[in-house]
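Below is one structure, written out as structure tokens, with a few remarks after it.
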Amino acid sequence: MVLSPGSDATAHMAEEVRDADRYVPISLFWSYIGNSLMAIVFLITYLFAMPSVEDAINDPSGYPFLYVFKGAMGTAGVNTLTIIVLLIVSAANVNFGASTARQTFAFARDKGLPFSSWLARVHTSKGIPANAILLTCSVTILLSLINIGSLVAFNAIISLQIVSLMFTYFCSLSCVLYRRVYHPELLPVARWSLGKWGPMVNIVGLAYVVFAFFWSFWPNETPVDAETFNWSVVMFLGVFLVALVMYAVEGRRVYSGPVKQCRMARLEI
1 MVLSPGSDAT
11 AHMAEEVRDA
21 DRYVPISLFW
31 SYIGNSLMAI
41 VFLITYLFAM
51 PSVEDAINDP
61 SGYPFLYVFK
71 GAMGTAGVNT
81 LTIIVLLIVS
91 AANVNFGAST
101 ARQTFAFARD
111 KGLPFSSWLA
121 RVHTSKGIPA
131 NAILLTCSVT
141 ILLSLINIGS
151 LVAFNAIISL
161 QIVSLMFTYF
171 CSLSCVLYRR
181 VYHPELLPVA
191 RWSLGKWGPM
201 VNIVGLAYVV
211 FAFFWSFWPN
221 ETPVDAETFN
231 WSVVMFLGVF
241 LVALVMYAVE
251 GRRVYSGPVK
261 QCRMARLEI
């Protein structure tokens, strides 16, 4: 659930892709197919090499994959595979940071965030959203420091990730599916699509999103205390209410949305 949405990272960088309305959905589709097939092979191999799930979870290192590596090979092999994992994670973190910064910049440019004018500034010589990158890196560092001080507080904050992501997918999928069924003439013509399979994919995706959203609020284990409690329900409602207040106070007056701006630009042309 955590890793599968990674294929949508291309959409976050869409403004820097030429002919994005054609090549971004193609990239999303084939990257998901390719990575899913490799993930299945990796998962089957990993599970066959895991003698005990409970021992892997309770490994002193805190990382179950190290338990599997240690059980399957010697020290040299463990070190080699761990270095490969670290390199992949490091490269992924760079991609995550770039994607988040570009999305922050785009949302701020459309006046959808506080301090939008500052966040939407582009470095004059380098041509990058320097302030959005600075904010992204600063938040990442602060979250890392919270993890050092209190694991409970850190887990409470990051528990918002899956819930908010599933809610976003729910809004997008339900709106597109509604238009497909009741007002297909209002949807823009797609330069690349799944054709007749599109609505079916929307229905399956929506069903999974509702399922994942529901279970994301439940604790992972019992008995439930402050450490094992799933704080995502508190974080989600808190952020949702803050967002509603911000929109009511200022957002509804300044934010019109990228779709409207694109349509206005086309009319001007």
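Residues 1 to 269 in UniProt numbering are what the sequence shown spells out, letter by letter.
The beta carbon of each residue, even a glycine, is placed where N, CA and C say it ideally should be.
In this text the structure is predicted, and so the values were computed from the model without any measurement.
#1: Could you check whether residue 69 and residue 77 sit closer than 9 angstroms to each other, using their CB atoms as the reference points?
#2: When you compare only the Cα positions, how much space is there between residue 58 and residue 200?
#3: Quick one: what does DSSP say residue 243 is sitting in, helix, strand or coil?
#4: Using three-state DSSP, classify residue 60 as helix, strand or coil.
#5: To test your reading of the DSSP string, which unbroken alpha helix (DSSP H) runs of 4 or more residues are found completely within the region 127–214?
#6: If distances are taken between C-alpha atoms only, which option among 130, 152, 74 comes closest to residue 227?
#7: Closer than 7 angstroms by C-beta to residue 120: which residues in its own chain qualify, once you throw out the five before and the five after it? Chain order, please.
#8: Look at the alpha carbon of residue 134 and the alpha carbon of residue 17, and state the distance between them as a whole number of angstroms.
#9: Using the three-state DSSP reduction, which class does residue 225 fall into: helix, strand or coil?
#10: Residues in its own chain within less than 6 angstroms of residue 169 by CB, not counting five upstream and five downstream?
#11: Tell me where the alpha helix (DSSP H) around residue 79 begins and ends.
#12: Within its chain, find whatever has a CB closer than 8 angstroms to the CB of residue 202; leave out the 5 residues flanking it on each side and keep chain order.
#13: Should residue 162 and residue 212 be called a contact, given that it needs their Cβ atoms to be closer than 9 angstroms?
#14: Can you have a look at residue 231 and say buried or exposed, based on whether 16 or more other CB atoms are within 10 angstroms of its CB?
#15: Name the residue from 98, 20, 131 whose alpha carbon lies nearest to the alpha carbon of residue 118.
#16: Are the Cβ atoms of residue 157 and residue 235 separated by less than 9 angstroms?
#17: Give the secondary structure of residue 124 by DSSP, where H, G and I count as helix, E and B as strand, and everything else as coil.
#18: Between residue 101 and residue 94, what straight-line distance do the alpha-carbon atoms span, to the nearest angstrom?
#19: Could you check which residue in 257, 250, 256 has the C-alpha nearest to that of residue 114?
#20: Rounded to whole angstroms, what's the CA-CA distance from residue 217 to residue 184? Just pull it up for me.
#21: Quick check: the Cα distance between residue 72 and residue 44, rounded to an integer number of angstroms?
#22: Kindly indicate which residue of 221, 137, 124 has the alpha-carbon position closest to the one of residue 96.
This is what the structure holds:
#1: Walking along the sequence shown from the start, residue 77 turns up at place 77. Walking along the sequence shown from the start, residue 69 turns up at place 69. Closer than 9 angstroms, so yes.
#2: Locating residue 58 in the sequence shown gives position 58, counting from the first residue. Locating residue 200 in the sequence shown gives position 200, counting from the first residue. Using only the alpha carbons, I get a separation of about 41 angstroms.
#3: Stepping through the sequence shown from its first residue, residue 243 is reached at position 243. Of the three classes helix, strand and coil, the one that applies to residue 243 here is helix, per DSSP.
#4: Against the sequence shown, residue 60 aligns to sequence position 60. In this structure, residue 60 counts as coil in the three-state DSSP scheme.
#5: 130–149, 151–158, 160–182
#6: Mapped onto the sequence shown, residue 227 falls at position 227. Among 130, 152, 74, the Cα nearest to that of residue 227 belongs to 152.
#7: Counting from one through the sequence shown, the residue named residue 120 turns up at place 120. Answer for residue 120: 105, 108, 109, listed in chain order.
#8: For the purposes of this step, residue 134 is taken as residue 134 along the sequence shown, with counting starting at 1. For the purposes of this step, residue 17 is taken as residue 17 along the sequence shown, with counting starting at 1. Looking at the two C-alpha atoms, the distance is approximately 23 angstroms.
#9: Stepping through the sequence shown from its first residue, residue 225 is reached at position 225. The answer is coil: DSSP assigns residue 225 none of H, G, I, E or B.
#10: In the sequence shown, residue 169 corresponds to position 169, counting from 1. For residue 169, where only same-chain residues beyond five positions count, the Cβ hits under 6 angstroms are 209.
#11: In the sequence shown, the residue the question calls residue 79 occupies position 79. Where residue 79 is concerned, the enclosing alpha helix (DSSP H) stretches over 75–109.
#12: Taking the first residue of the sequence shown as 1, we reach residue 202 at position 202. Once the five neighbours on either side are set aside, the close Cβ partners of residue 202 are 173, 176, 177, 180.
#13: Numbered from its first residue, the sequence shown carries residue 162 at position 162. Numbered from its first residue, the sequence shown carries residue 212 at position 212. Taking 9 angstroms as the Cβ cut-off, residue 162 and residue 212 qualify as a contacting pair.
#14: As a position in the sequence shown, residue 231 is number 231, starting the count at 1. Residue 231 should be labelled buried.
#15: Locating residue 118 in the sequence shown gives position 118, counting from the first residue. Selected option, being the one with the closest Cα: 131.
#16: Numbered from its first residue, the sequence shown carries residue 157 at position 157. Numbered from its first residue, the sequence shown carries residue 235 at position 235. A contact, by the Cβ cut-off of 9 angstroms.
#17: Your numbering for residue 124 matches position 124 in the sequence shown. It is coil, neither helix nor strand.
#18: On the sequence shown, residue 101 is found 101 positions in, with the first residue counted as 1. On the sequence shown, residue 94 is found 94 positions in, with the first residue counted as 1. Rounded to whole angstroms, residue 101 to residue 94 spans 11 angstroms at the Cα level.
#19: By one-based count along the sequence shown, residue 114 stands at place 114. The shortest C-alpha separation from residue 114 is found at 250.
#20: Translated into positions along the sequence shown, residue 217 becomes position 217. Translated into positions along the sequence shown, residue 184 becomes position 184. The alpha-carbon atoms of residue 217 and residue 184 are separated by roughly 34 angstroms.
#21: Mapped onto the sequence shown, residue 72 falls at position 72. Mapped onto the sequence shown, residue 44 falls at position 44. Near 14 angstroms, if we compare the C-alpha coordinates of residue 44 and residue 72.
#22: Counting from 1 along the sequence shown, the entry for residue 96 is found at position 96. The shortest Cα separation from residue 96 among 221, 137, 124 belongs to 137.
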